[in-house]
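A short write-up of the structure that comes next.
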Amino acid sequence: MSTLAALARLRALRDGTAQRLATVRHVHLSERPMVLIPLRLAGEAAAPLAVMAGTDPAHPRLLVVPQPRDRDLRFAFAAELAELLLPYIESLQKDTETVERRGAEPYERCVDAPQLIVPNRGAAAFVQLLGRSTRFRRAEGPYAVHASVPLLGRWLTFLAQRGRHPGSSLMPAATEALSLHWATGQSALEDANLASLIGWIDPPPGMTGAAAARQAEDPLIWPPAGPASDPGFDAEVLAPAIRAYEETRTEHAEARVREAVRSQLEPTWRLMWRAVGLLAALPAGPGCAGRWEADRAAFTSFAAQLAEGAPPQPRRDGAVGAASRLARMERAQASYDAQRAYDDPLVMAGYRLTGEAFTGTVAHADPERTEGEGRGRKLRPLVTVRTTDPVRLAPGTRLGTPERRGQQAELVAIDGEHVTLKIVKGMGRGMAATPGAVPGVGERVCYAALLDDFQPPAALPPPEETPWTHGGPPPEYEPPSDEEPDEEWS
Amino acid sequence: MDPLDRLRGPVPPRPHDARAIAALAANPGCARRAVLDAAGIDKDATATHLGFPAPFGQSPFAITRGNAFEALVKESGCAELLRMLRELLGLPIAQAAYTDLGDVGGNPSAHLRHSHTRGLLDRAARDRDDAGTLYDHPLLRLEIAGQSAYLEPDVVAFQLGGRFHIIEIKSFAVVDGQAEPDKVAAAARQAAVYVLALRNMLQELGHDPGRVSHEVVLVCPENFANRPAATLVDVRRQLAVLRRQLARMTRVGSIVDALPPGLTFDLARDADGAPTRPVAELREAVRGVGARYAPDCLSTCDLCLFCRDEAAAEGSTDLLGRQVRDALGGVATVPEALGLADGSLPPGEGQEEIARLLRLADRIYAEVS
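Sequences listed follow chains A and B, in order.
Quick note: the first sequence uses the numbering used here, first residue 1, plus one each step.
Quick note: the second sequence uses the numbering used here, first residue 1, plus one each step.
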């Protein structure tokens, strides 16, 4: 944690209210996000107890499994969830735009994509587990399930996997999105409690954030946001209700389980929409749109794969798949970090503190300076910046600047408070700099050792040529055979 | 009177279990926890009486599931378990003997059951018989700060070719070869406690402690089915940590000696078992032993909310977690750190660097927000 974030937490503690860690929003917010709160039965691997979901804050849909240990009821629940989720996803595939690409065929991209907002990281992991437990099911043969169930599984898997991609907003967790923008006066561990996090950020009138956060820890007032339910509730309310259902299997008994679960989910439902409102109140950072574009492209391409009849996502990535996923995520992380810093002076401040970036005023500029002789002569303007930030960068380091995206400079020398830079990219062609491309004396500038430029994808062999050192080519996908139902969902 | 008995009052000491010992090792710097645990004090009841009941519990569903899974694995003399062990350890054994060490008849004391385990395992270690044997319900003992803690692995010691393996049965699922990392870590810490206890026992009996494998067998349900699957988990690292922490714990005696002579955490229970000790008095007593609160305590220690409240009252930076404390270079209190940041407090010796950083953070924060 940076000293800046630590200081923000100290101030939050002193003032009793959360402090901003960002001046703009770094998470894209859809116009019609779907909030999804899953609950699981304690002790079971992937036994869903309930889901509260929907796109309208006033009308949550509640799906409940009255006996989560019953396999048939679980799959009935999965089919219901598919009925809720798939139309939402499919409605967003209709409108597309044509994207022109340099040196490649233009392609169609959906103009919007689904956004599933879950309460916390545990909920996101549970969604992935639900995806895992449903995507290999089949609509015929023994243990047949409704045809929508495996499709749901693939979508859930896609959304959960993409949700872990740095900068993606397809499936954000509310606690993580909020923690990115606010520092509270409690520990990161306690921030995982949505109610107490929101208590710090937006306490009820007449109450400090600290007091609201303490109150939020009482499971009787604010039931946990899942995926596990409160053990006290399990023992006193849920267990007897499920037992009664098990004994009678009546509608009345089912309604009893349902109402019990509703009482646990409704407070979180309201909190989730408050979280959406808090985030929406922040102005969107300029980089959000570009990252959402990448999300939309991923969504479009996954929808196309499904339409072409691709097999379900493998249980584990093969060697090539894993290496390329990792490389993609690393590049996305570097680019996300750079974009956030460029979009937001408060994020940049963290880099200034560690000496990886600095802000100052231009003390001297030589916009017409050139290097080399004859045909090799190149424009290399020199700029000297006066800064009081502690710069810790080696000569030769490539720097970018939020004021002039696309421009790159090289650090030449540091002499006390004076940092000399050479602009090497993005100042115009020819022997004269484009007007305004080189900062003038007296201008306030910021330079950082963070670059958000195109990085080529990792060079990896095609999967079928995986070398034996990495396990050889991965096996072809084979659907589970009828005789041996590979695994039960019990 | 033993000072620890005096601290506890006239109630029997609470037995340690492996989970508690593993948690103890998680925060070794906390004198309060060390003393209360060494004296076998019921921390849950203490915390409740202080008005800060522990914020965690276990769902009945999880308990039922855990028991059902353990029963399944141990069904008909651990038949299922044996099948897995054969596969996992590649053993050509057709059958194995099964000995239930819990079967001593009547309602035996822990001491008696432990002697029984000790006798049988001693014979097994001497025999060097190649037939595999599963020992169910063994009762091991571990010295913790001069106190004997009896440990009952929910689990079994498996002996084959002169080597013993600890088997740990857990009901969390392993999906596609992966399980929740914190659950696996907790299971490994717990199993390390058993490995250590078993090694100590063999050593006392004059056998080579190295005959207890550092690889424990973790048995979990696989994927979404109820079918158990076994994996070997190397617990050498957990063992090293545990040994170091237990060695530190022996110093609890010196902490206890430094406590005021009349100090007691006795809840003064009445005939019905209800505590009658004045809360203010108990609070002062508990505060008499220094705690080292960290947010991780919130999931492991019954007293966590009391200590958190205390840390908040003292303005301790511990409240914000270790990451913040590290970023603050160990500045102990919130007012101190804020004072260094706004320059109202001159840095003490050794604080120049962190003070400079905090001032800079303060300046930049003011500039951009």
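All C-beta atoms in this analysis are idealised placements derived from N, C-alpha and C, irrespective of residue type, glycine included.
Here the structure is a predicted model, which is why all the values come from computation and not from measurement.
Per DSSP, reduced to three states, the secondary structure at Met-201/B is helical.
Minimum Cα-Cα distance from Gly-209/A among the listed residues Ala-437/A, Lys-422/A, Ala-12/A corresponds to Ala-12/A. Considering only beta carbons, the part of the segment 175 to 203 of chain A lying closer than 8 Å to chain B consists of Gly-185, Gln-186, Ser-187, Ala-188, Leu-189, Glu-190, in chain order. Here Met-431/A is exposed: its Cβ has fewer than 16 other Cβ atoms, across all protein chains shown, within 10 Å. Between the alpha carbons of Leu-21/A and Asp-95/A lies a gap of roughly 36 Å.
A contact is defined here as three or more CB-CB pairs under 8 Å, and the segment 28 to 42 of chain A meets this definition with respect to the segment 115 to 123 of chain A.
Scanning chain B for C-beta atoms nearer than 7 Å to the C-beta of Asp-234/A yields Ser-59, Pro-60, Phe-61, reported in chain order. Judged by DSSP in its simplified three-state form, Gln-67/A adopts coil rather than helix or strand. Across the structure, Ala-285/B and Arg-237/B are spaced so that their CA atoms are roughly 36 Å apart. By the rule that beta-carbons nearer than 8 Å mark a contact, Ser-2/A touches chain B. Around the Cβ of Asn-67/B, a 10 Å sphere holds fewer than 16 other Cβ atoms; the residue is exposed. Distance from the Cα of Arg-380/A is smallest, within the candidate group Thr-401/A, Arg-386/A, Ala-139/A, Gln-407/A, for Gln-407/A. Per the C-alpha coordinates, the member of Val-174/B, Gly-343/B, Arg-211/B, Leu-218/B positioned closest to Ala-191/B is Leu-218/B. Judged by DSSP in its simplified three-state form, Gln-19/A adopts strand. DSSP places Phe-75/A in the helix class (H, G or I) of the three-state scheme.
Contiguous alpha helix (DSSP H) elements confined to the segment 129 to 202 of chain A occur at 148 to 163, 174 to 181, 188 to 191, 194 to 201, taking only those with 4 or more residues. Residue pairing by DSSP places His-114/B in no beta bridge whatsoever. Taking each of Ala-409/A, Phe-299/A, Gly-472/A in turn and checking the Cα distance to Trp-155/A, the smallest one comes out for Phe-299/A.
CA-CA distance, Asn-226/B to Ala-144/A, rounds to 20 Å. In the DSSP assignment, Met-272/A falls within the unbroken alpha helix (DSSP H) covering 251 to 280.
In this structure, the alpha-carbon of Thr-248/A lies about 19 Å from that of Ala-76/A. Glu-217/A belongs to the set of residues whose beta carbon lies under 8 Å from a beta carbon in chain B. Thr-268/A is outside the set of residues whose beta carbon lies under 8 Å from a beta carbon in chain B. Residues of the segment 27 to 51 of chain A whose Cβ lies closer than 7 Å to any Cβ of chain B, in chain order: Leu-41, Ala-42, Gly-43, Glu-44, Ala-45, Ala-46.
Linking Ala-34/B to Leu-326/A through their CA atoms gives a straight-line distance of about 43 Å. Below 8 Å, too few C-beta pairs join the segment 380 to 389 of chain A and the segment 455 to 465 of chain A to call them touching: fewer than three. Secondary structure at Asp-344/A: coil, using DSSP grouped into helix, strand and coil.
In this model, Gly-54/A and His-470/A are separated by some 44 Å (Cα to Cα).
Under the Cβ distance rule, Gly-66/B counts among the residues neighbouring chain A, one pair being separated by less than 8 Å.
The segment 134 to 143 of chain A makes no contact with the segment 100 to 109 of chain A: fewer than 3 CB pairs, one atom from each, lie closer than 8 Å. Here the C-alpha atom of Ala-327/B lies approximately 14 Å from the C-alpha atom of Ala-188/A.
Per the C-alpha coordinates, the member of Glu-403/A, Gln-264/A, Phe-454/A, Leu-7/A positioned closest to Arg-328/A is Phe-454/A. From the listed residues Pro-228/B, Pro-10/B, Leu-4/B, Ala-341/B, the smallest Cα separation to Ala-268/B is found for Pro-10/B. For Lys-94/A, the three-state secondary structure derived from DSSP is coil. Residue-level contact by beta carbon holds for Arg-20/A and chain B, with a gap shorter than 8 Å. Between Val-257/A and Ala-239/A, the CB-CB gap reaches or exceeds 8 Å.
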